[in-house]
Structures are given as structure tokens and as C-alpha cells.
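First up is the structure itself, then whatever we jot down about it.
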Amino acid sequence: MKNNKIVIYIGILVVGVLLGWLLFGGSSNEEIDHNHDAVAATNQMWTCSMHPQIMQPEPGDCPICGMDLIPAESGSDGLMADQFKLTENAMALANIQTTVVGKGNVEGNTIKLSGKIAENEEANAVQVSYFAGRIERLNVSFTGEEVRKGQLLATIYSPELYAAQQELITAASLKESQPALYKAVRNKFKLWKLSENQINQIEETGKVKENFPVYATVSGTVTEKLVEQGDYIKQGQPLLKIANLNTVWGNFDVYENQIDRFKKGQEVMITTNAYPNKEFKGKVDFIDPVLNTKTRTVTLRVVLSNKDDVFKPGMFVTANIEGSTAKNDEVLSIPASSVLWTGERSVVYLKTNPDQPIFEMREIKLGNQIGNEYEVVEGLFVGNEIVTNGTFTVDAAAQLQGKKSMMNKDGGKVMTGHEGHLGMDNNASNKESDHTNMNERLEVSEKFQQQLNSVYNAYINLKDALVKEDSISTSANTTTLLNKLNKVDMKLLSDNKAHNHWMSLEGEIKSSATSISETSDIKSQRDHFKHLSSHLINAVQLFGINEKVYVEFCPMADNNNGAYWLSKEEKVINPYFGEAMLTCGEVKQVIE
């Protein structure tokens, strides 16, 4: 009986232990599982099936198209700080294509060099005074005045000459008894560049002249006045700089990896924005043997005939050199479609992993344009894989994921909201961030900004016509834009840096606008509008127009490659789709 009770107790104990294990052990595991699920849920990101570049930490609506967000695939762990990943779906939708950078043969193509007109130093002269004194009268009124050899330039009162005349008159009376003294006094006047007739006149009249003339020794254009009327000058002091502009120099920059492709005597075709429909022939006259260590370039000089006064010193020009050859014709080059420009920066997107769609932005330095490609001076190497199609879409993805991008060179998360296309609070944050990361503004006159503002207003009318899908109105507004563009006075840009930037941008804006005006097909007009917008965005960023401007972007435009445009208002009204997708897009930057 006693043994039976022991067996029963043992059985109850075993059952209790087993039941406790089932209850508490199971719940513990369940709790761990639940905690694990909670962590997974916390790290879950949400994306849009139509716009895979959208990444948000919580479910909701796509800020671009309004569709419900879906859980995003994981697997982006282990990326470097500047890298980001796109899904295969995003790659396919945007038709993103890449190319491995190689060395392409450019023999037979046109090489473009940028340069500036300068005075021909061999034809320059400095007009000096050969005696000291005070300028009683200066007959040259302004820089740019034409003078001819023998022309009276100035009249000078010279105490030294005044005393010397009295010596000459005295020596003339003693020339029979002291011929050596007489000869020495006359020779002194010749050192002061007085003519025989002037010396004889003093001697014959016996009168002392107070003022003496200074005549031009060369013909040309006064490029600099070094003195003013009433100034006291020393013997040999420069009065004027005179340039003979019948010939001028065109100075062009050549990168060091291109030097062996140019030689003296090579024929060059010169173009300038001042005469867009003309070409001028010249020949390479000189290649600087000393390399500029800061720019890594040498100066190539072309002598140009200027008898018709076509070229002005300081004018920007472009040299087109055909069929240039070299000992090594291979240069590192990339397609023009792979490059995004923003101010002074040129960027491409590098695919860092050949087996996965992982990208990062890379700033590069470009050389000259060769056909439809650009030479790469710095930033890329043979074997690098870069995006050549869909670059705008990749850039948009970089911005949305807070990585370095064209508009944001330092990186930083761009947040999206749910109210319209951008939440009000988040949008305010965007404005501050965009303004901080905006390219450095160039200092230009307010008058230039007003003229650029007129171009911008014509652009807005053009954009509104595209929204309405009115091709006729689009062409008319484009003509207005071109007229406003022609009225922008480049002379208002005194700074060479600003002048150079505007010259480049003006040509691109004019080319894109002209292409729009020459077609009545709305699709073609929108294709050219994309390029027009890109160049005008750069112009507004660099120079400003004293007005708040919104830079907006639609990733689905241009066959999912993405495209930007400018707007006066924060509300998105898409010019690339019209009524079909009127509100597709978002604000990317606010330019103050």
C-alpha cells in the first residue's frame, strides 16, 4: 500500500513537471518568437511597385502615384555609406543601362577647345615719354581710341628741356669757337627724340618753347591709359598701351593627355557666339612648352586675321580641330548621356558591383567633347561600369535614399510625406536642406538677373502650354523665350568665371529652345523641353533671378528615365504628361 502511494506521488510529480514545461517553456519560446517578429517588423521598409526608388519606414501611399506601398525586399545591408541599391524591378522599369568605361579611338572626330581672344603681343607697343615733366594736355580721351603713327598724343611742360633750350641758344653763338660744346648740346636733344627740324627751329628763332609735343610712334588701338592730364611723369615713363588689332591671338587650353595630338601649323576652325553662323580659319602658331600645374593644361595659340575688326580681346571662342592624330590615339571617354551637370560639377553614377544593382555617385573632371562623347581627365578608370541610360532615375533614387546626388553633393535623407506630394512639415525641412546644399551662387549684377528673369517667365508660359498639350502655343512661347534670351547682355558679366558659364549655358538653352520651335509634334517638344529645363535650372542656380523657384521632378517622364522642370508654385503640375498624369512628381529643390 505504501509502495503504491509512492508510485502515485512520483507519477503526479512527473506529470506536473511535464505540464509546467509545456506551459512555461512553450510560452517563453513563443515570447522570443514574438520579439523576433517585432524586431523584423521594426526594420521593415515599404516601397511602391511602380516607383521602386520610394523607401519609407512605414506602410502608406506612394507620394508619387498614390498606390498602396508594399513591403520592400531586404538585402541592402553591408553597403558603404555612399552606396545604394535598386531592385531588379526598378532597373527594368527605368530601362537603366550601364557601360564599362574603356579607351575609345577618336581619330577623325572633331575636338572642341574652349579659348579666349587676346591681343597679339608681337604687335603691341608702349608709348613712353622721353623727357620728364608735367602733362599740360592729353589728346587721347578714352580706351579703345584709334591712333596713327605721327599723331599728337600729348603736350608736356619740361623744366629740363626749358633749361636745355637756353644752353642750345648760347652754344649756337659759340659754335665757331667751341664746336665740340655746340655738337654735344645738340646731341642731347636727339636723346630726347626731338627731330632735326625742332632743334633747328629753336636755334634759328632764339626763342625758348615752354611745351613740347609727344607723337605716336606706332598706329593702333589704345588699350590702356596709364596717365591723366596734369600728371607729373618721369623720363621713360609709359603713357599709353597701343595694340595693333589687325591680327589677334586665340588662346586655348589643352589637357596634358592631349598635347601630342596637336602640332604647329595645324588648321583650326574658329567659332564664336557673336557670329553663330560664321567660321574663321586659323593655324596653330605656338604650343606653350610649360604646363600649368594647377589646371594641368598647356596653352595652344592660333593667330587670326582681324582686318574687319571681328574679334575683340576678351571674347570667348571655340576651336574645332578635325582629324587630329597622335602617337597614342586612345583616350578615356564616356557617352555624353552618362553625365549630369550641376553648376561646376560633372557627375556620373558608378555601378560598384558587377553582379548586383549597387550604385554610387562619382564626381569627375571632363576634358573636351569628341563627337557624342567626353574625354575624362579625372575620376574614372578603365574597367569602371557607369550608368549610360536612365541616369536621372538613378539620381532620383539616390536623393530619396539620402545618398550623394546631383542636387545634394553631401547626401542626407530626403523625406516624403502623405499630404499631396510633400507633407508641409517635411517640405519646410526640404527647403532648408536644399538651400544649404545648393551650388554656390555667382555674384552678378541685378540687371543681368532681371534679364534672366524675363527668360524664366517665357519658360513658364512655355511649360504651361505643354501642360495644356497645345503645340501651337508651345512654339509661339518658345519664340518669345528665344527673343528674351537674345536680349540678355553678356557684357554685364564682368567676372570671367560667370561669363564663361553663361556663354556655355546660353548656347545650350538656345539650341534646345530652337529645337522646340522647329517642331509641332507635342512628344518631340517635350523631349527637347527636358534638355531646356536642365540647362535653365543650372542658370537659375548659378545666377539667381530674385524670385523663389521650385525645381520639380517626375521619375516616369522620358520613358521612366525621369525629367526635371521649373515652376513658380509648389503644387506639381506635370508638363510631360498633361491630363494623363497631371500631378505625377515632387519638389526636389527650392531656389531662393
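In UniProt numbering, the protein residues as written are 1 to 592.
We put the CB at the ideal spot given by N, CA and C, even for glycine.
Quiz item: Can you name the start and end residues of the beta strand (DSSP E) that asparagine 124 belongs to?
Solution: 124 to 128
Quiz item: Which runs of the alpha helix (DSSP H), 4 residues or longer, sit entirely within the UniProt domain "CusB-like barrel-sandwich hybrid" (131 to 243)?
Solution: 159 to 172, 179 to 191 and 196 to 205
Quiz prompt | CA nearest to the CA of proline 335, picked from Thr299, Val284, Ile364 and Thr388 | solution = Thr388
Quiz item: What does a CB cutoff of less than 6 Å around glutamine 165 pick up in its chain, not counting 5 residues either side in sequence?
Solution: Ile202 and Val208
Self-check item: Minimum C-alpha distance to valine 268 - residue among Val254, Asn277 and Val284
Solution: Val284
Exercise. Hey, could you find the ends of the alpha helix (DSSP H) alanine 563 is sitting in?
Key: That residue, alanine 563, is in no alpha helix (DSSP H); its beta strand (DSSP E) goes 563 to 567.
Practice problem: Could you spell out the range, first to last residue, of the beta strand (DSSP E) harbouring tyrosine 459? | Solution: From DSSP, tyrosine 459 is part of no beta strand (DSSP E) but of the alpha helix (DSSP H) over 446 to 467.
Quiz item: Identify the residues that DSSP records as bridge partners of tryptophan 341: which are they?
Solution: Ser346
Exercise. Could you name the residues of the same chain whose beta carbon sits closer than 6 Å to that of glutamate 119, not counting the 5 residues immediately before and after it, in chain order?
Key: Ala243 and Pro313
Exercise. Could you tell me whether the Cβ atoms of valine 551 and leucine 566 are closer together than 8 Å?
Key: yes
Exercise. In angstroms with no decimal places, state the Cα-to-Cα distance between methionine 406 and isoleucine 358.
Key: 17 Å
Quiz item: From glycine 578 to threonine 223, what distance separates their C-alpha atoms?
Solution: 56 Å
Practice problem: Report yes if the C-beta distance between tryptophan 192 and leucine 161 is below 8 Å; otherwise report no. | Solution: yes
Quiz item: Could one say the Cβ of lysine 281 lies closer than 8 Å to chain D's Cβ atoms, at least one of them?
Solution: The chain inventory of the structure shown lacks chain D, comprising one protein chain alone.
Quiz prompt | Bridge partner(s) assigned by DSSP for aspartate 253 | solution = Thr299
Quiz item: In chain order, what residues of the same chain lie with their CB nearer than 8 Å to the CB of arginine 296, ignoring the 5 residues before and after it?
Solution: Tyr255, Glu256 and Val377
Quiz item: For glutamine 541, which three-state DSSP category applies?
Solution: helix
Quiz prompt | Beta-carbon proximity of serine 512 to histidine 528, cut-off 8 Å | solution = yes
Self-check item: Among Ser219, Thr583 and Ala476, nearest to asparagine 246 - alpha-carbon criterion
Solution: Ser219
Exercise. Give the secondary structure of glutamate 579 by DSSP, where H, G and I count as helix, E and B as strand, and everything else as coil.
Key: helix
Practice problem: Closer than 7 Å by C-beta to leucine 505: which residues in its own chain qualify, once you throw out the five before and the five after it? Chain order, please. | Solution: His535, Asn538 and Ala539
Quiz item: Since aspartate 355 is in the beta strand (DSSP E), which residue starts that stretch and which ends it?
Solution: Neither: aspartate 355 is in no beta strand (DSSP E) and is coded neither H nor E.
Quiz prompt | Three-state secondary structure (DSSP) of serine 27 | solution = Legend: pLDDT at serine 27 = 44, less than 50; position of this residue unreliable, value from coordinates given subsequently. Three-state result, serine 27: helix.
Exercise. Reducing DSSP to helix, strand and coil, say where glycine 507 ends up.
Key: helix
Quiz item: Can you pull the DSSP bridge partners for proline 59?
Solution: Looking at the DSSP assignment, proline 59 forms no beta bridge with any residue, so it has no partner.
Practice problem: Scan the segment 359 to 414 and note each continuous beta strand (DSSP E) run of 3 residues or more that stays entirely inside, going in chain order. | Solution: 373 to 378 and 385 to 389
Exercise. Since I believe valine 126 is in contact with proline 213 (beta carbons under 8 Å), could you give me their beta-carbon distance rounded to a whole number of angstroms?
Key: Going by Cβ atoms, the distance from proline 213 to valine 126 rounds to 18 Å, so no, they are not a contact pair.
Quiz prompt | Alpha carbon of asparagine 273 to alpha carbon of glycine 150, nearest angstrom | solution = 37 Å
Quiz prompt | Reduced DSSP secondary structure (H/G/I, E/B, other) of threonine 98 | solution = strand
Exercise. Assign leucine 152 to buried or exposed, taking buried as 16 or more other Cβ atoms, counted over all protein chains shown, within 10 Å of its Cβ.
Key: exposed
Practice problem: Assuming asparagine 320 and lysine 510 form a contact by the criterion Cβ under 8 Å, report the distance between their Cβ atoms to the nearest whole angstrom. | Solution: Contact flag wrong, Cβ pair sits at about 18 Å.
Quiz item: If you run the structure through DSSP and keep just helix, strand and coil, what is alanine 40?
Solution: Confidence in alanine 40 is poor, its pLDDT being 43 and thus under 50, which makes the residue's placement unreliable; the coordinate value appears in the next sentence. Alanine 40: helix per DSSP, three-state reduction.
Quiz item: From which residue to which residue does the beta strand (DSSP E) around lysine 281 run?
Solution: 275 to 287
Quiz item: Given glutamate 210, which residues of its chain have a CB within under 8 Å of its CB, disregarding the five upstream and five downstream residues?
Solution: Tyr157 and Tyr162
Quiz item: If you draw a straight line from the C-alpha of histidine 36 to the C-alpha of glutamate 58, how long is it?
Solution: Interpretation of histidine 36 is limited by its pLDDT of 43, a score under 50 that renders its predicted location unreliable; no figure is taken from the coordinates.
Exercise. For threonine 478, count neighbouring C-beta atoms within 10 Å of its own C-beta (all shown protein chains included) and say buried if the count is 16 or more, exposed if not.
Key: buried
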